[in-house]
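Peer 1: Residue 105 is where the sequence shown starts when you use our numbering, and the numbers rise one by one after that.
Just dropping this structure here.
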Amino acid sequence: MSHSALNQFVDEVEAADDDGGGGEGCGPTLVVVNRTEPDPIQRMLDSLFEGQSVSVREAAVADLDDDVVLLLRDDAVVAASTLDALERSVLLVNSDRYITGTGGVGATDPPAVLTALRDTAFRVRGYPASNSEKLPMILLSRYVERLAWEGGSGSLRSAFQRLSRIEDERGTRQVYAQLGATDLDVHVYGVPDCDLPPSVDATVHANDSEEYRRSWFVVYVPEEPDCRHAALVATELAPNEWHGMWTFDRDRVERVDRYVARRL
105 MSHSALNQFV
115 DEVEAADDDG
125 GGGEGCGPTL
135 VVVNRTEPDP
145 IQRMLDSLFE
155 GQSVSVREAA
165 VADLDDDVVL
175 LLRDDAVVAA
185 STLDALERSV
195 LLVNSDRYIT
205 GTGGVGATDP
215 PAVLTALRDT
225 AFRVRGYPAS
235 NSEKLPMILL
245 SRYVERLAWE
255 GGSGSLRSAF
265 QRLSRIEDER
275 GTRQVYAQLG
285 ATDLDVHVYG
295 VPDCDLPPSV
305 DATVHANDSE
315 EYRRSWFVVY
325 VPEEPDCRHA
335 ALVATELAPN
345 EWHGMWTFDR
355 DRVERVDRYV
365 ARRL
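Here it is in structure tokens:
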């Protein structure tokens with residue numbers, strides 16, 4: 105497949121990672137502290153980030169609680185979560201929880217160590233190649249939707265590859281019905297293979313172009329410039345293989361939003 109222009113934003117953060125030098129302690133590192141959970145839990149966490157720019161290791165630290173996960177950047181702790189929070193959000197669940205579940209838009213609560221992996225490029229495979237690699241990106245896409253719902257105004261732009269996914273995925277349909285009931289300006293993008301459900305109030309951008317078929321994004325720009333901006337951006341490089349990242353950087357989110365608004 106050819107390279108998507110949208111992927112320039114992921115390439116940008118990947119290049120910044122590469123410029124960091126790539127040595128020990130340069131990239132983000134997850135440290136599992138004082139683990140008491142069984143070995144299979146550790147192996148799941150190792151597998152989730154295998155082949156990524158995120159390192160995973162264990163440590164025993166006398167003055168910290170058991171089963172804590174720290175995120176380090178340049179050897180400084182930037183976030184902490186319990187191992188249990190990671191189990192409940194990504195390690196012991198599958199994507200159906202976020203796609204077909206009925207918890208609603210307010211139910212998504214990603215662990216701090218995952219949200220703090222912002223501006224980090226990931227290359228992930230979906231099911232059946234992998235049961236878990238794509239889960240952090242799915243979780244963070246739902247988190248962007250939650251931030252938009254809580255903000256209640258501004259714009260939200262979301263790409264689904266196929267518009268029928270809004271109808272077919274019960275959880276997605278419920279989330280976008282809730283989003284459309286706010287003062288948000290909601291825009292949805294995808295191949296026009298069905299009409300939107302009547303419960304979803306959104307502006308439809310329908311096209312059969314390659315970029316529509318291969319793009320996955322959720323971009324929230326709040327009405328108030330000082331509120332938290334958020335975006336997940338990914339491109340399908342090969343069937344069910346994705347190159348993506350999430351970000352809360354205001355300038356980067358606004359540049360993604362401008363690109364989508366003008367080009368798609």
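Glycine included, every Cβ here is placed at the ideal spot set by N, Cα and C.
1. Got a sec? Which residues, its chain only, sit under 6 Å from S259 by beta carbon, not counting five neighbours each side?
2. So E314 and L368 are in contact, right, with Cβ under 8 Å, and what is the actual spacing, rounded?
3. For I242, collect the residues of the same chain with a Cβ closer than 7 Å to its Cβ; drop the 5 residues on either side in sequence, then sort them by chain order.
4. Given a threshold of 16 other Cβ atoms within 10 Å of its Cβ, counted over all protein chains shown, does T351 qualify as buried or as exposed?
5. Going by DSSP, which residues form a beta bridge with Y293?
6. What are the residues that DSSP puts in a beta bridge with S185?
7. Would you tell me roughly how many angstroms separate the C-alpha atoms of T219 and L244, rounded to the nearest one?
8. Start and end of the beta strand (DSSP E) containing V323?
9. Would you list, in sequence order, the uninterrupted alpha helix (DSSP H) runs of no fewer than 4 residues that lie entirely inside the stretch 108–153?
10. Kindly list the residues whose CB is nearer than 8 Å to the CB of M105, restricted to its own chain and excluding five residues on each side of it in sequence; keep chain order.
11. Any idea what DSSP makes of V337, helix, strand or coil?
12. What number of angstroms, rounded off, separates the C-alpha of L134 from the C-alpha of L175?
13. Using a threshold of 8 Å, state whether the C-beta atoms of D353 and D223 are closer than that.
14. Opposite A163 in the DSSP bridges: which residues?
15. Tell me whether A252 sits in a helix, a strand or coil according to DSSP, three-state version.
16. Buried or exposed: G255, going by 16 or more other Cβ atoms within 10 Å of its Cβ?
Peer 2: So, from the listed chains and residues:
1. As a working mapping, residue 259 is identified with position 155 in the sequence shown. These residues qualify, in order along the chain: D289 and V325.
2. By one-based count along the sequence shown, residue 314 stands at place 210. By one-based count along the sequence shown, residue 368 stands at place 264. Rounded, the Cβ-Cβ distance is 12 Å, inconsistent with contact.
3. Here residue 242 corresponds to residue number 138 of the sequence shown, with the count starting at 1. Same-chain partners within the cutoff: S199 and Y202.
4. Sequence index remark: in the sequence shown, residue 351 carries index 247 (1-based). T351 comes out buried.
5. In the sequence shown, residue 293 corresponds to position 189, counting from 1. Paired residues: A263 and H309.
6. Residue mapping note: residue 185 aligns to position 81 of the sequence shown, counting from 1. Answer is V173.
7. By one-based count along the sequence shown, residue 219 stands at place 115. By one-based count along the sequence shown, residue 244 stands at place 140. The straight-line gap from Cα to Cα measures roughly 7 Å.
8. For the purposes of this step, residue 323 is taken as the residue at position 219 of the sequence shown. Segment S319 to V325, the beta strand (DSSP E) holding V323.
9. Entirely contained in the stretch 108–153, the alpha helix (DSSP H) runs reaching 4 residues are, in chain order, 112–123 and 143–152.
10. As a first step, residue 105 must be located in the sequence shown, where it is residue number 1. No answer about M105 holds up, because its pLDDT of 45 lies below 50 and its placement is not dependable.
11. Reading the sequence shown from its first residue, position 233 is the one you call residue 337. Here V337 sits in strand by DSSP.
12. If you number the sequence shown from 1, residue 134 lands on position 30. If you number the sequence shown from 1, residue 175 lands on position 71. Looking at the two C-alpha atoms, the distance is approximately 5 Å.
13. Start at 1 with the first residue of the sequence shown, and residue 353 comes out as number 249. Start at 1 with the first residue of the sequence shown, and residue 223 comes out as number 119. Closer than 8 Å, so yes.
14. Counted from its first residue, the sequence shown places residue 163 at position 59. Paired residue(s): V137.
15. Numbered from its first residue, the sequence shown carries residue 252 at position 148. Correct three-state label for A252: helix.
16. Translated into positions along the sequence shown, residue 255 becomes position 151. With 16 or more other Cβ atoms within 10 Å, it is buried.
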